[in-house]
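Residue numbers (this note's numbering): 4 to 369.
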Ligand SMILES: [Zn+2]
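Right, here's the structure in full:
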């Protein structure tokens with residue numbers, strides 16, 4: 004029955020897009036519009052079916068559909084960034100990574116279903132504010148999870164709640180479904196960005212020592228954690244037109260938090276002040292200190308065309324933000340200067356500094 008519902012909801016174009024779901028330039032925003040805001044349900048359902056996981060794990064279609072609807076609904080559609088479209092985007096990226104040769108030949112069906120479900124649920128019920136905000140406002144989640152990985156623990160527990168409520172894995176032996184829930188947690192908890200350095204050092208050490216052995220289940224699990232971490236922060240590695248939209252959305256979410264902090268006379272969190280930060284400077288910092296180190300190691304692990312494409316986009320996007328920043332700076336400098344007296348043949352008063360007006364690199368490719 005749910006298949007018919009799905010068929011009715013599919014527009015021809017959305018269906019067409021799913022044929023290319025493994026493309027790195029997949030436009031999730033367009034896909035979300037074509038599916039009437041149901042990108043997360045549609046994409047995850049499609050991928051689970053494509054891998055044959057529904058038959059393999061003998062999933063009940065109605066339970067699965069209900070689960071996915073509830074997952075999508077538990078994302079806050081009023082969050083500018085941490086909403087179901089971000090979850091769908093991360094799921095699509097996770098699929099791209101799991102398709103990479105090294106992973107494709109070693110991952111088991113169990114790894115794949117885990118990877119897809121973790122991606123789809125990794126930010127479930129995200130409140131649109133960060134952990135420091137929850138701690139300083141004495142939010143119950145902060146005390147519940149003792150101020151550690153507060154959000155990630157909540158995403159995981161919310162996912163477990165929906166799995167149990169829908170009974171998606173209730174036909175499996177308890178030790179199997181409990182194991183699945185535990186591993187789902189370990190994947191989701193890996194997305195805590197404050198743990199980035201620990202994961203990165205471990206990854207580096209493995210790569211330096213060439214000690215990864217993907218026939219080993221715990222090593223495969225570690226690679227799934229790294230893949231999910233990459234998928235979660237892959238926005239800077241997408242083509243400019245997609246990347247730019249994500250950057251604007253995440254910045255707007257930060258700024259909204261800053262607005263609430265100002266309103267309640269709380270100290271405004273770093274990156275959250277719309278008066279002192281801009282999309283460009285936040286992005287350049289994020290790429291330099293967080294994304295580049297991670298994707299550089301990922302490219303060492305999976306030295307493929309996709310990895311090179313991602314690093315290439317990141318370089319271009321960084322240059323584009325740099326160009327736009329320079330443009331803004333020179334524009335505001337000009338605004339502060341007294342209006343130049345127009346000379347003959349130079350009514351703009353701009354004979355110098357034209358280099359800052361060059362078109363940012365990467366803006367033409369989409
Ligand atoms: Zn996320």
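From the three backbone atoms N, C-alpha and C, an ideal C-beta is built for every residue, glycine too.
Remember, it's a predicted structure, so these values are computed and weren't measured experimentally.
Are there 16 or more other CB atoms within 10 angstroms of the CB of residue i, so buried, or fewer, so exposed?
i: residue 80; result: exposed
i: residue 111; result: exposed
i: residue 240; result: buried
i: residue 108; result: exposed
i: residue 23; result: exposed
i: residue 16; result: exposed
i: residue 291; result: exposed
i: residue 270; result: exposed
i: residue 347; result: Caution applies to residue 347, whose pLDDT of 48 falls short of 50 and renders its modelled position unreliable; the model cannot decide the point.
i: residue 316; result: buried
i: residue 19; result: exposed
i: residue 141; result: exposed
i: residue 279; result: exposed
i: residue 181; result: exposed
i: residue 41; result: buried
i: residue 321; result: buried
i: residue 326; result: buried
i: residue 232; result: buried
i: residue 247; result: buried
i: residue 59; result: exposed
i: residue 78; result: buried
i: residue 220; result: exposed
i: residue 300; result: buried
From residue i to residue j, what does the alpha carbon distance come to, in whole angstroms?
i: residue 217; j: residue 309; result: 20 Å
i: residue 162; j: residue 74; result: 8 Å
i: residue 156; j: residue 188; result: 8 Å
i: residue 249; j: residue 85; result: 10 Å
i: residue 237; j: residue 64; result: 31 Å
i: residue 33; j: residue 49; result: 17 Å
i: residue 333; j: residue 339; result: 10 Å
i: residue 70; j: residue 170; result: 9 Å
i: residue 287; j: residue 235; result: 17 Å
i: residue 222; j: residue 61; result: 27 Å
i: residue 345; j: residue 337; result: Any answer about residue 345 is weak, because its pLDDT of 49 lies below 50 and its placement is not dependable; what the coordinates show is given next. Whole-angstrom Cα-Cα distance: 14 Å.
i: residue 152; j: residue 158; result: 10 Å
i: residue 209; j: residue 289; result: 25 Å
i: residue 437; j: residue 174; result: Lying before the first or after the last residue shown, residue 437 is absent from the chain, which here runs from 4 to 369.
i: residue 139; j: residue 264; result: 10 Å
i: residue 203; j: residue 106; result: 19 Å
i: residue 29; j: residue 260; result: 30 Å
i: residue 38; j: residue 211; result: 44 Å
i: residue 304; j: residue 330; result: 37 Å
i: residue 21; j: residue 67; result: 19 Å
i: residue 166; j: residue 196; result: 25 Å
i: residue 137; j: residue 150; result: 9 Å
i: residue 206; j: residue 96; result: 19 Å
i: residue 215; j: residue 266; result: 50 Å
i: residue 178; j: residue 295; result: 39 Å
i: residue 53; j: residue 172; result: 19 Å
Under 8 Å by Cβ, that's how I've got residue i and residue j pegged, so tell me the actual separation to the nearest angstrom.
i: residue 125; j: residue 191; result: 5 Å
i: residue 1; j: residue 91; result: Given a span of 4 to 369 for the chain in the structure shown, any question on residue 1 remains unanswerable.
i: residue 44; j: residue 72; result: 6 Å
i: residue 27; j: residue 312; result: 6 Å
i: residue 94; j: residue 46; result: 6 Å
i: residue 314; j: residue 298; result: 6 Å
i: residue 243; j: residue 323; result: 6 Å
i: residue 282; j: residue 251; result: 6 Å
i: residue 328; j: residue 284; result: 6 Å
field: Any 3 or more C-beta pairs closer than 8 Å across the stretch 177-191 and the stretch 99-119
entry: Yes, they touch.
The stretch 218-228 touching the stretch 245-262, judged by at least three CB pairs closer than 8 Å: The stretch 245-262 and the stretch 218-228 do not touch, with fewer than three beta-carbon pairs separated by less than 8 Å.
*Sufficient close CB pairs (3 or more, under 8 Å) joining the stretch 120-138 to the stretch 82-99*: Yes, the stretch 120-138 touches the stretch 82-99.
Q) If you pair each beta-carbon of the stretch 132-151 with each one of the stretch 93-104, do three or more pairs fall below 8 Å? A) The stretch 132-151, when compared against the stretch 93-104, does not touch it at the 8 Å Cβ threshold.
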